[in-house]
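Peer 1:
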Amino acid sequence: MNAIVVVDQNWGIGKDGGLLVHLPGDLKYYKEKTIGNHIITGRKTLESFPGGKPLPGRENIVLTRDPDYAKDGCVICHTVEEVQDVVKDCDPETVFVAGGAEIYKEFFQLCDVFYVTKIDAAFEADRYFPDLDAMDLEIAWESELQEEKGITYRFLKYVRKDNR
Ligand SMILES: NC(=O)c1ccc[n+]([C@@H]2O[C@H](COP(=O)([O-])OP(=O)(O)OC[C@H]3O[C@@H](n4cnc5c(N)ncnc54)[C@H](OP(=O)(O)O)[C@@H]3O)[C@@H](O)[C@H]2O)c1
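Residue 11 is where the sequence shown starts when you use the working numbering, and the numbers rise one by one after that.
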């Protein structure tokens with residue numbers, strides 16, 4: 011399966027329950043990648059979406075430890091194994107681990123492709139993604155430099171070397 015994430019220079023991903031910065035070009039890229047596919051999020055990330063609602067046009071698979079948690083339009087799971095069972099017949103290329111920090115960490119070893127939007131700036135953050143540059147991964151693709159709101163960033167695709 012894949013992970014998809016936007017990070018700052020320090021691999022920060024969030025602060026106070028929200029994103030570090032809103033970049034419309036990145037949101038468009040995120041939509042292009044995930045639309046029609048399956049996204050796996052934690053309950054906190056789901057609640058950070060507009061109106062606390064699932065993202066339309068995608069299967070929203072949500073993890074919570076609360077046995078009574080319910081949300082219209084979501085597939086609720088209570089363990090990583092339950093999620094694996096839900097996606098077991100899906101094409102792995104259509105499955106995206108989409109945060110937040112807890113979920114990225116728990117699914118990290120199950121992901122072999124990482125779609126990373128890397129922002130050339132540092133923000134105050136309280137949630138982080140593992141530093142992929144400190145690991146033995148290959149950058150399989152890198153976009154041109156993007157610029158929005160005076161902020162520059164790139165889209166990168168990291169892959170595990172045994173999964174080229
Ligand atoms: N930059 C990005 O690309 C990006 C993407 C997504 C999110 N974010 C940011 O990340 C932050 C949220 O991340 P977070 O780490 O605080 O929360 P999170 O990972 O979204 O959700 C954590 C919750 O998921 C549930 N959970 C976690 N592990 C579980 C397991 N093994 N089994 C069952 N349920 C499990 C628990 O829900 P219960 O408490 O209900 O039990 C837990 O409180 C926000 O700031 C958000 O904006 C950034």
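Even for Gly, the Cβ is constructed at its ideal location relative to N, Cα and C.
1) Taking only three categories from DSSP, how would you classify GLY110?
2) Within 8 Å, do at least three Cβ pairs link the region 91-111 to the region 35-50?
3) Could you check where the beta strand (DSSP E) with GLN94 kicks off and where it finishes?
4) If the criterion is Cβ atoms closer than 8 Å, does the pair PHE165 and LEU142 meet it?
5) Return no unless some Cβ of chain D is closer than 8 Å to the Cβ of ASN70.
6) Between which two residues does the beta strand (DSSP E) holding TYR168 run?
7) When every heavy atom of ligand 1 is checked, does at least one fall within less than 7 Å of the C-beta of ARG68?
8) Between the region 81-91 and the region 56-65, are three or more C-beta pairs nearer than 8 Å?
9) Could you tell me which residues DSSP puts in a beta bridge with GLN19?
10) Alpha carbon to alpha carbon, how far is ILE149 from VAL31? Give it in angstroms, no decimals.
11) Cα separation between ILE161 and GLU91?
12) Could you tell me whether the Cβ atoms of LYS43 and ILE14 are closer together than 8 Å?
13) Between ASP122 and ARG53, is the Cβ-Cβ spacing less than 8 Å?
Peer 2: Result, derived from the coordinates:
1) coil
2) yes
3) Premise fails: GLN94 lies in the alpha helix (DSSP H), 90-96, not in any beta strand (DSSP E).
4) no
5) Of the chains in the structure shown, none is chain D; there is only one protein chain.
6) 161-170
7) no
8) yes
9) None; GLN19 has no bridge partner.
10) 24 Å
11) 39 Å
12) yes
13) no
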